[in-house]
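As you go down the protein sequences, you meet chains A and B in turn.
Just so we're aligned, residue 71 is where the first sequence starts under the working numbering, counting upward by one.
Just so we're aligned, residue 71 is where the second sequence starts under the working numbering, counting upward by one.
Glycine included, C-beta positions come from ideal geometry on N, C-alpha and C.
Quick caveat: nothing in here was measured; it's all calculated off a predicted structure.
2 protein chains.
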Amino acid sequence: MDIAILGSGNVAYHYATALHMLGHNIDQIFSKTSANASALADVVSAQAISALADLNPQLDLYIIAVKDDAIADVVADLDANLRGIVVHTSGATPITVLDKFSNYGVLYPPQSLNKELAIDYSTVHFAVEGNSEEVEYLLLKLMLTLSPTSFRCTSAQRLALHVAAVFANNFPNMLYRLAKSIVEKENLDFSLLKPLILETAEKVQNIDPNQVQTGPAQRNDEVTIHRHLDFLSYSNDLAEIYQTLTNIIIKSKGKRGNN
Amino acid sequence: MDIAILGSGNVAYHYATALHMLGHNIDQIFSKTSANASALADVVSAQAISALADLNPQLDLYIIAVKDDAIADVVADLDANLRGIVVHTSGATPITVLDKFSNYGVLYPPQSLNKELAIDYSTVHFAVEGNSEEVEYLLLKLMLTLSPTSFRCTSAQRLALHVAAVFANNFPNMLYRLAKSIVEKENLDFSLLKPLILETAEKVQNIDPNQVQTGPAQRNDEVTIHRHLDFLSYSNDLAEIYQTLTNIIIKSKGKRGNN
């Protein structure tokens, strides 16, 4: 396929290099900042462009991989008559933002793609959406060459996946930060908690997380909960988060999968 | 050392088998339920007892490894003149619950110990506390043979570690459960999120979690946050947790280690 990548950040980098390695022709890299366009273009033997007017309208695929809030601006500047399929890579942006084109879709990886971190694409579950059966089939076929676990999804499924990713990634990371602040308050090192963090994430790779809930809330251990809240009384934020998550654990007891 | 283990659950099992393997004599296993005492006693060639009156008062170490809320009852039934050191293994229980004995302490593993899961003890950071320098030294020396990362801690440090473990383990697991419920609502499989969960936990093994916060809250991406809250409007609990954790991420921006 002849492909243009619109963007030069982390996601753009991964799509450009991964598809280049699969033998596709990355024809152009667009970035408003021409140095950024050139840097990525050099890696994948593409032409760097910094104006959308220079975009080749005859390519097979245009991948918009810019920040969510910049997608609409890029779309507004694009010719509606581009020959190929136009896709974005955002989890939360409606597919309809692209409806001025004839053929469009979404390629959403529910995983964080970082330039500095190599990734085994075969483990990434790319969620693929198209505005027609034909487009969806073509996009899925492409993504399956990158990862055998790529799958077709609806807009509602993609949004669910994006929301769930916040609960599975962004929020746990925030909790790790709070845990770090708590031990550091008593001059202990965060590394003490690292085995526990890893163990918790590894456990749910094979066991339903509903089956492995532990802790004072799950045990209805009011004495310990009280001691914890006493300890956390130095921070209203910490106490509030502790109380909110303790409440939901208690409330979830007895529901499906719990004891 | 000649040791008695008081309890027959997960924690008791691990202390009994680990210390037995190191060559110590597990003299007695106590459990009110004699079948439980016998089951564990058989594994470590100990005598099973189901009445504390039968406890050998001449041992070097008594490890109380029962549920937190049962510690006080066990202590009440113990002879104050036991020859050896009496310890409990609880993160949140004050050391003073043992102050009727001459020599006492705490051996707290900030990790979940489960009978069914083998564990590499050398990765467990056992927190060791004693009522005197001498007791603390003896306990630390023992635990260092089990794990080189065992360390002396104060009661305040142990409590901090216990609270932080809730933030690093119990709460992330609850978030995984919520993430699972969110994708399942749209008929997607939880396995789609597993790589992301693991990646998030692996990342903070080497990088400060304050440096790797991502997501709509970190980006101040109000459009996405609004879309997520719209999606979550079917559950007040989910919306509340989303809002609470989003608020703390936004509030933490610009603080030490963030950008």
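**Request:** Provide the residue span of the alpha helix (DSSP H) that contains A:Phe-241, from first to last.
**Result:** 241-255
**Prompt:** Which chain B residues are close to A:Thr-284, counting only those with a beta carbon under 8 Å from its beta carbon?
**Reply:** Ser-182, Asn-239, Asn-240 and Asn-243
**Message:** Once DSSP output is grouped into helix, strand and coil, what is the label at A:Ile-295?
**Reply:** helix
**Message:** Please tell me whether A:Ala-116 and A:Ile-133 are closer than 7 Å, where the distance is taken between their beta carbons.
**Reply:** no
**Prompt:** Near B:Glu-254, what residues of its chain come up, given a Cβ to Cβ distance below 8 Å and the 5 sequence neighbours on each side ignored?
**Reply:** Phe-260
**Prompt:** Starting from A:Asn-106 and walking both ways along the beta strand (DSSP E), at which residues does that stretch end?
**Reply:** DSSP places A:Asn-106 outside any beta strand (DSSP E); the residue lies instead in the alpha helix (DSSP H), whose first and last residues are 104-113.
**Asked** So what does A:Ala-74 bridge to, in DSSP terms?
**Response** A:Gln-98 and A:Tyr-132
**Message:** Measuring alpha carbon to alpha carbon, tell me which residue in A:Pro-164, A:Thr-316 and A:Leu-110 is nearest B:Leu-245.
**Reply:** A:Thr-316
**Request:** Return helix, strand or coil for A:Arg-222, following the three-state DSSP convention.
**Result:** Judged by DSSP in its simplified three-state form, A:Arg-222 adopts strand.
**Prompt:** Which residues share a DSSP beta bridge with A:Ala-118?
**Reply:** A:Ile-99
**Prompt:** Beta-carbon of A:Asp-124 versus every beta-carbon of chain B: anything under 7 Å?
**Reply:** no
**Item:** Range of the contiguous alpha helix (DSSP H) that encloses B:Leu-210
**Value:** 203-216
**Request:** Please look up how many angstroms separate the CB atoms of B:Ser-220 and B:Val-198, rounded, as I've assumed it's under 8 Å.
**Result:** 6 Å
**Request:** Give a yes or no on whether the C-beta atoms belonging to A:Ala-135 and A:Val-81 are separated by under 7 Å.
**Result:** Yes, these two residues count as a Cβ contact at 7 Å.
**Helix, strand or coil at B:Leu-268 [DSSP, three-state]** = Taken through DSSP and simplified to helix, strand or coil, B:Leu-268 comes out as helix.
**Message:** Considering only their Cβ atoms, is the gap separating B:Ile-267 from A:Ala-271 smaller than 7 Å?
**Reply:** yes
**Message:** If distances are taken between C-alpha atoms only, which option among A:Ser-108, A:Phe-196, A:Ile-311 and A:Arg-297 comes closest to A:Ala-121?
**Reply:** A:Ser-108
**Message:** Under 7 Å, Cβ to Cβ, is there at least one residue of chain A near B:Ile-295?
**Reply:** no
**Message:** Short of 6 Å in beta carbon distance, which residues of its chain neighbour A:Ser-104, apart from the five on each side in sequence? Order them along the chain.
**Reply:** Ser-120
**Request:** Quick one: list the residues of chain B neighbouring A:Asn-280, beta-carbon separation under 7 Å, in chain order.
**Result:** In chain order: Arg-247.
**Prompt:** For the alpha helix (DSSP H) that A:Tyr-83 lies in, which residues bound it at each end?
**Reply:** 80-91
**Request:** Under 7 Å Cβ to Cβ from B:Gln-181, same chain only, skipping five residues before and after it: list those, please.
**Result:** Val-194
**Prompt:** Who are B:Tyr-174's beta bridge partners in DSSP?
**Reply:** B:Val-156
**Request:** Check distances from the C-beta atoms of the stretch 296-315 of chain A to those of chain B and list, in chain order, the residues that come in under 8 Å.
**Result:** Arg-297, His-298, Phe-301, Leu-302, Asp-307, Glu-310, Ile-311, Tyr-312, Thr-314 and Leu-315
**Item:** Anticipated Cβ contact below 8 Å, B:Asp-130 with B:Gly-154, distance rounded
**Value:** 4 Å
**Request:** For A:Met-213, collect the residues of the same chain with a Cβ closer than 8 Å to its Cβ; drop the 5 residues on either side in sequence, then sort them by chain order.
**Result:** Excluding five sequence positions before and after A:Met-213, the CB atoms of its chain that fall closer than 8 Å to its own CB belong to Leu-177, Phe-196, Val-198 and Ser-220, given in chain order.
**Asked** How about B:Tyr-85 and B:Ile-99: are their beta carbons less than 7 Å apart?
**Response** no
**Request:** Starting from the C-beta of A:Arg-326, find all residues in its chain whose C-beta is less than 6 Å away, skip the five residues before and the five after it, and write them out in chain order.
**Result:** With a pLDDT of only 47 at A:Arg-326, under 50, the local geometry of the prediction cannot be trusted, and the value read off the model is given with reservation. Around A:Arg-326: no qualifying Cβ.
**Prompt:** By Cβ distance, which residues of its chain are closer than 8 Å to A:Val-167, with the 5 residues on each side in sequence left out?
**Reply:** Ile-141, Ala-142, Val-145 and His-158
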